[in-house]
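First comes the structure, then the notes that go with it.
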Amino acid sequence: MHYLTGEQYTYLAGEINALYHEAAVKAGISDSVQNILYAICERGDRCPQSEICKLTGISRQTINSAVRKLERDGIVRLEQGKGRNTVVCLTEEGKRFAAEKISPLFEIEEKIWGEWTAEERQQYLRLTKKYRDALERHLKTML
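The numbering of the sequence shown is numbering that gives the first Met the number 0, which starts it at 0 and goes up by one.
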């Protein structure tokens with residue numbers, strides 16, 4: 000059974016994903032590259048590859064493939080992290096590239112957050128976390 004609010008959520012989430020895809024197309028990059036660079040920029044120009052997987056929901060194989068291409072293009076360099084973890088770091092060229100391709104997204108998101116009251120921002124975050132936590136809890140009971 001589908002509930003109207005569930006369908007509305009799915010539709011809205013799909014529309015939001017489509018808008019981020021449109022941003023990637025306008026920037027001339029793939030969705031996965033946009034997501035990877037976004038995650039790295041959020042973490043201050045360097046991020047463990049395993050964390051990129053968690054933050055983006057993109058498979059390890061896809062992340063690895065995209066990161067290798069970014070490395071060949073001189074956008075990122077890889078450093079050894081703790082244990083077997085690799086840290087993906089923006090090069091100087093990568094910082095310029097991210098400033099051009101990713102920073103506009105951050106600016107748009109900041110505008111949106113700035114249009115909301117502090118109460119609206121907190122309510123959105125609280126309800127999104129509540130949804131995420133419930134989804135995680137219920138998915139554990141599947142098969």
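Ideal Cβ placement from N, Cα and C applies to all residues, glycine included. Keep in mind the model is a prediction, meaning the values are calculated, not measured.
Item to check | Close Cβ partners of N84 (< 7 Å) along its chain, the five nearest in sequence each way excluded | outcome: P47, Q48, S49
Item to check | 6 Å CB neighbourhood of R45 in its chain, flanking five on each side removed | outcome: V86, C88
Next on the checklist: If you measure between the beta carbons of I62 and I35, is that distance less than 8 Å?
Outcome noted: yes
Checklist entry - Which stretch, first to last residue, makes up the beta strand (DSSP E) that contains T85? => result 85 to 89
Item to check | Validate contact between the stretch 20 to 36 and the stretch 93 to 107 using beta carbons, cut 8 Å, 3 pairs | outcome: yes
Next on the checklist: On the criterion of 16 or more Cβ atoms from any shown chain inside 10 Å, does A65 qualify as buried, or is it exposed?
Outcome noted: buried
Checklist entry - Considering only residues of the same chain and omitting the five flanking positions on each side of V75, which have a CB-CB separation below 7 Å? => result V66, L69, V87, C88, L89, T90, G93
Checklist entry - Any idea if A117 is buried or exposed, counting beta-carbon neighbours within 10 angstroms, 16 or more meaning buried? => result exposed
Next on the checklist: Could you pull the DSSP bridge partners for R45 from this structure?
Outcome noted: C88
Checklist entry - First and last residue of the alpha helix (DSSP H) that includes W112? => result Taken as a continuous stretch (DSSP letters only), the alpha helix (DSSP H) holding W112 covers 102 to 114.
Checklist entry - Short check: CB of R42 to CB of C52, under 8 Å? => result no
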